[in-house]
Amino acid sequence: MALSLTLPTASGALASYALRGTAPVKPDAGVKFNRIAYSAAHVVADPLAAIDPWLQCAVDWDTTIAYRRHLFSLGLGVAEAMDTAQRGMGLDWPTSLELIRRSLDAAKDVPGALVASGCGTDHLNIDDVKSVDDVIRGYEEQMAAIEALGGKLIVMASRALARVAKSPADYERVYDRILSQAKQPVVLHWLGDMFDPALAGYWGTKDVDAAMDTALGIIAAHPDKVDGIKISLLDKDKEIAMRRRLPKGVRMYTGDDFNYAELIAGDSFGSEPTHGKSDALLGIFDAIAPAASAALGALAQGNSEKFHAILGPTVPLSRHIFAAPTRFYKTGVVFMAWLNGHQKHFTMVGGQQSTRSLQHFAELFRLADAANLLEQPELAVRRMKTLLALHGVEG
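Numbered according to this note's numbering, the sequence shown spans residues 822 to 1216.
Okay, structure coming up:
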């Protein structure tokens, strides 16, 4: 007998829903990817900590690191202490640095495991930041701390820089200083204002094409210090245009949670390999990790049809999780981890489990089922029923 439950519809009515009953895809063991793939991983809150969740941060370290080991086991790298981990949105810098340390330690046990860690300016009191020099000092402090652990840097977009910079030249000055000092090639990070409104006008202008020119100029001035750039603009055409203009060997890491399948598959443009495809640094890979691994394995084996067959059905789920207000997408990512048994509770740092409606979760459940992403269907149904009961829906 098929599993079923009662779910609310978009109109607020209740309707019976029967699960498809299709088993989730399992990645083939030992396949080496032909794309670099980082999952921006979430943190698991400690629901038993005696804190005020809106004001303080308590992390369940064992479960958080166990999830990173799960990602490593699937061949995925970890982009650590990024916005998926609620960086600057509940996760403070001291806790972020401890997270980075623990993640790097865990990676030492896994041959070939990739970790890149977010370096930003979020420890600064933004009201005290008066100049570009203040921003540089902020970056340098986090940079030194991460590099002291042996970490690779993701130079995160800075709210403080977006606030005090007066022109593209200010961005050029900051990034020139940071890149000149980097011990190993870094990943740059361009996060659109749909993810963080405080980053509007990044690179010194609200004109995306002009902003792209500035970013490309910075990269061209330091091609040996830039591994790649992750852009999250949710605009595949802008990503492709920028990808084709990157210096030789500099990668485009897609952060487009709406169009990742197409962008990773690539278009084979040009003679430079990195111009014709995107690598990945994606928050959605946290929520769809087994499918992402299986799809990337198929692509590496030359089976693009299988790649799209696996990854294509996950795109509607991703677009739902990342729907506006996009910055609340972390809630959907953690919800998926709870449904699939990777954590015992649906409690988030900062209490952000409250940022989405019951209708949103119900549709997320349907889309996860449609994409064959419910790893333990019986458990997922029990947990969904628990959430429904908390909202007064029985059955």
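Idealized CB from N, CA, C, for every residue including glycine.
Along the alpha helix (DSSP H) that carries residue i, what are the first and last residues, could you check?
i	result
residue 959	953 to 969
residue 1129	1125 to 1132
residue 918	914 to 928
residue 1114	1110 to 1121
residue 1136	1135 to 1142
Between residue i and the rest of its own chain, which residues show a CB-CB distance below 7 Å, the 5 nearest in sequence each way excluded?
i	result
residue 822	Since pLDDT at residue 822 reaches only 47, below the 50 mark, its modelled position is unreliable, and no value is offered.
residue 1016	904, 1053, 1147, 1148
Is residue i helix, strand or coil when you go by DSSP?
i	result
residue 822	Interpretation of residue 822 is limited by its pLDDT of 47, a score under 50 that renders its predicted location unreliable; the figure taken from the coordinates is listed afterwards. It is coil, neither helix nor strand.
residue 1033	helix
residue 844	coil
residue 1206	helix
residue 810	A question about residue 810 goes unanswered here, because the residues of the chain that appear run from 822 up to 1216.
residue 1196	coil
residue 1178	coil
residue 837	strand
residue 1183	helix
residue 763	Any property of residue 763 remains undetermined from this structure, which presents the chain solely from 822 to 1216.
residue 1089	coil
residue 849	coil
Given residue i, which residues of its chain have a CB within under 6 Å of its CB, disregarding the five upstream and five downstream residues?
i	result
residue 1164	865, 884, 1158
residue 1043	1000
residue 1150	1142, 1143
Nearest by alpha-carbon distance to residue i: which of the options is it?
i	options	result
residue 1161	828, 838, 845	845
residue 1013	998, 995, 1033, 1188	1033
residue 917	1106, 900, 930, 932	900
residue 975	1092, 1205, 868, 1006	1006
residue 1093	973, 1027, 1065	1065
residue 1136	1109, 847, 1051, 945	1109
residue 1156	847, 1204, 831, 1026	1204
Any idea which residues DSSP pairs residue i with across the strands?
i	result
residue 1100	1074
residue 1009	976, 1050
residue 859	898, 1102
Could you give the residue range of the beta strand (DSSP E) that holds residue i?
i	result
residue 1048	1047 to 1053
residue 875	Here residue 875 belongs to no beta strand (DSSP E), and DSSP marks it neither H nor E.
residue 973	973 to 976
residue 937	936 to 940
Can you tell me whether residue i sits near the ligand ADP, meaning its C-beta is under 8 Å from at least one heavy atom of the ligand?
i	result
residue 891	Within the structure as shown, the ligand ADP is missing, as the structure has no ligands at all.
Using a Cβ-Cβ cut-off of 8 Å (strictly less than) and excluding sequence neighbours within five positions of residue i, which residues of its own chain qualify?
i	result
residue 1089	1097, 1098
residue 1208	1167, 1179, 1182
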